[in-house]
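Novice:
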Amino acid sequence: MQRLTLGKTGLTARKTLLILGLGLITPFNIAANQQDASLQGPVFTDPAKITEKKQAWIDQEIIYDEKIKDADLVISLGQQTWPALHKVVEEIAEKRGINVVIQQGSCGRTAKKLKRKAIDIGAYCCPPGKGDRLPGLEFHTIAITPLVFVTHPSNPLNNITSIEAQNIFRGEYAQWSELPSAKQTNFAIENIQPIVRLHCKKRPGHWRHLLKNEDLMSPRIFEVAVIPDMIKQVANNTSAIGIETPFMLEVHKKQGDLKILNIDGHNPQQAQYLLNGEYPIYRTYNLTTWKGEGKSYQLANEFVQELKAHIEAQGDRYGFIPASKLRDAGWKFDGDELIAEPDNMPVIH
Numbered sequence: 001m002q003r004l005t006l007g008k009t010g011l012t013a014r015k016t017l018l019i020l021g022l023g024l025i026t027p028f029n030i031a032a033n034q035q036d037a038s039l040q041g042p043v044f045t046d047p048a049k050i051t052e053k054k055q056a057w058i059d060q061e062i063i064y065d066e067k068i069k070d071a072d073l074v075i076s077l078g079q080q081t082w083p084a085l086h087k088v089v090e091e092i093a094e095k096r097g098i099n100v101v102i103q104q105g106s107c108g109r110t111a112k113k114l115k116r117k118a119i120d121i122g123a124y125c126c127p128p129g130k131g132d133r134l135p136g137l138e139f140h141t142i143a144i145t146p147l148v149f150v151t152h153p154s155n156p157l158n159n160i161t162s163i164e165a166q167n168i169f170r171g172e173y174a175q176w177s178e179l180p181s182a183k184q185t186n187f188a189i190e191n192i193q194p195i196v197r198l199h200c201k202k203r204p205g206h207w208r209h210l211l212k213n214e215d216l217m218s219p220r221i222f223e224v225a226v227i228p229d230m231i232k233q234v235a236n237n238t239s240a241i242g243i244e245t246p247f248m249l250e251v252h253k254k255q256g257d258l259k260i261l262n263i264d265g266h267n268p269q270q271a272q273y274l275l276n277g278e279y280p281i282y283r284t285y286n287l288t289t290w291k292g293e294g295k296s297y298q299l300a301n302e303f304v305q306e307l308k309a310h311i312e313a314q315g316d317r318y319g320f321i322p323a324s325k326l327r328d329a330g331w332k333f334d335g336d337e338l339i340a341e342p343d344n345m346p347v348i349h
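Under this note's numbering, the sequence shown has 143 at position 143, and the numbering climbs by one with no breaks.
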């Protein structure tokens, strides 16, 4: 089988093997259809499983790259957190009168810099995966946000079920008219074109709430490398469906207009559905700091607490549900890190 991949340099083809896998049960745990639940990936990882490192690495201090050696603090932000936080970071730095270097990248780049101990604070758009938990590294969950399913504005559907969404991306439906939700809809379009950005493949959460791994994805998916490309592809294709956060749709709105679908009758932009476990797919945002007693360690922790306070007060601007609301709703934390969904989460039908 072949998938088309849209990268920064254009289209390439790569061969993939479509297999079935087993995943952990999340809100897609449909009592009448356990097979669908088994296709999902893990939601979080065990905070007790720390990557082993030699004592020399553990004893190593943070060392900045030569060109930024005079910084007071170095922060790495990703595609999701840069638009939301970089101006806030600049404002906090100016208020404190310190030199903060903000680096733009991705979860993967952040992970590499943390393994080199080259940054004070790293940002992740998902829970830590295998290898991300390092000795002395702490994770601070600042928020979660829904991942929404989007189509071309001309698509006549306004609502699909969570099972239909899952089946679209695993290739069970080839045409829009095959969806049970489309039975009373007159479709001028037929073929379904799923558009997906398969980032952070080894980390839990995000698109893996839907399907455990890329091998479970439809052979018809059109893969993109960056968020603007996903939005542009869906906006320009009447057959397309994609996945992204509402805030990213706003950030990159110049790429085109999209329709956000309700899932199981729930508007994903109404926070209570995700907060109460009635919406199936979301993104988790974490910041990291190092344990330590020096001035830079204290400064990094204070900085993260200020960023958390900003999200608590202004999270609605980004469609974020802050940590305090998650705690109140029964989501489980280990220290400052979100590690599990609430007990007895409602079953989604």
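The C-beta atom is built at its ideal place from N, Cα and C for all residues, glycine as well.
Nearest to G265 by alpha carbon, out of L258, D257, L274?
Specialist: When each option's Cα is compared against that of G265, the closest is L274.
Novice: Name the DSSP beta bridge partners of I339, please?
Specialist: In DSSP, I339 forms no bridge with anything.
Novice: The alpha helix (DSSP H) with L258 in it runs from where to where?
Specialist: Premise fails: L258 is in no alpha helix (DSSP H) and is neither H nor E.
Novice: Can you check which of these residues, K212, L211, V251, is closest to M230 by C-alpha distance?
Specialist: Here the closest residue by C-alpha is V251.
Novice: What distance in whole Å lies between the Cβ atoms of F139 and T288, which are believed to be in contact at a cut-off of 8 Å?
Specialist: Between F139 and T288 the Cβ distance is about 6 Å, and since that is below 8 Å, they are a contact.
Novice: Tell me, which residues are paired with N286 by DSSP?
Specialist: Answer by DSSP bridge pairing, in chain order: Y124, T141.
Novice: What are the start and end residues of each continuous alpha helix (DSSP H) run of 4 or more residues lying completely inside the stretch 41-81, in chain order?
Specialist: The stretch 41-81 contains these whole alpha helix (DSSP H) runs: 55-59.
Novice: Residues bridged to N159 by DSSP?
Specialist: BP columns for N159 point to N262.
Novice: What does DSSP give as the partner residues of V89 in its beta bridges?
Specialist: BP columns for V89 are empty, so no partner.
Novice: Hey, I189 and T110: beta-carbon distance below 8 Å or not?
Specialist: Not a contact, by the Cβ cut-off of 8 Å.
Novice: Between which two residues does the alpha helix (DSSP H) carrying I311 extend?
Specialist: From DSSP, the alpha helix (DSSP H) with I311 extends over 295-314.
Novice: Anyone know if the C-beta pair for I58 and G122 falls short of 8 Å?
Specialist: No, the pair does not count as a contact, with Cβ atoms beyond the cut-off.
Novice: Would a C-beta distance cut-off of 8 Å place P342 and I142 closer than the cut-off?
Specialist: No; because the gap between Cβ atoms is not below 8 Å, this pair is not in contact.
Novice: In terms of alpha-carbon separation, which member of K232, A165, D72 lies closest to I119?
Specialist: If we check each option's Cα against that of I119, D72 comes out closest.
Novice: Return the Cβ separation of C339 and P47 in integer angstroms, given the expectation that the two are a contact with Cβ distance under 8 Å.
Specialist: At residue 339 the sequence reads Ile, which differs from the Cys that was named. That pair is a contact at about 6 Å.
Novice: Relative to the alpha-carbon of G315, which residue among I160, D328, F247 has its alpha-carbon at the smallest distance?
Specialist: The candidate whose alpha carbon is nearest that of G315 is F247.
Novice: Please classify F333: does DSSP put it in a helix, a strand, or coil?
Specialist: Reduced to three states, the DSSP call for F333 is strand.
Novice: State the Cα-Cα distance for the pair S162 and L114, rounded to the nearest angstrom.
Specialist: Cα to Cα, the separation comes out at about 36 Å.
Novice: Less than 8 Å between the CB atoms is what I'm expecting for Q193 and F222, so what's the real figure, rounded?
Specialist: Indeed, because the Cβ distance is near 6 Å, the residues count as touching under 8 Å.
Novice: Can you give me the Cβ contacts of V101 inside the same chain, cut-off strictly under 6 Å, excluding the 5 residues immediately before and after it?
Specialist: Same-chain partners within the cutoff: I68, A71, V74.
Novice: Using the C-alpha atoms, what's the distance from Q233 back to I311?
Specialist: Spanning the two alpha carbons is a distance of roughly 31 Å.
Novice: Nearest to L210 by CA position, among N186, Q184, R170, is which residue?
Specialist: Checking every option, the nearest Cα to that of L210 belongs to R170.
Novice: With a CB to CB cut of under 6 Å and the five nearest residues on each side skipped, what residues in its chain are close to V88?
Specialist: So the qualifying residues of the chain are H310.
Novice: With DSSP run on the structure shown, which of helix, strand or coil describes T151?
Specialist: Correct three-state label for T151: strand.
Novice: Applying the 10 Å Cβ sphere with the 16-neighbour rule, what's the burial state of R208?
Specialist: Looking at its Cβ environment, which holds 16 or more other Cβ atoms inside 10 Å, R208 is buried.
Novice: I need the straight-line Cα distance from G294 to Q60, nearest angstrom please.
Specialist: Taking the straight line from one Cα to the other gives about 13 Å.
Novice: Give me, in chain order, the residues of the same chain whose beta-carbon lies closer than 6 Å to that of I98; leave out the 5 immediate sequence neighbours on both sides.
Specialist: Same-chain partners within the cutoff: D72.
Novice: What residues in its chain sit with their C-beta under 6 Å from that of P146, if we drop five residues either side in the sequence?
Specialist: Closer than 6 Å at Cβ, skipping near neighbours: P268, L274, Y279, Y282.
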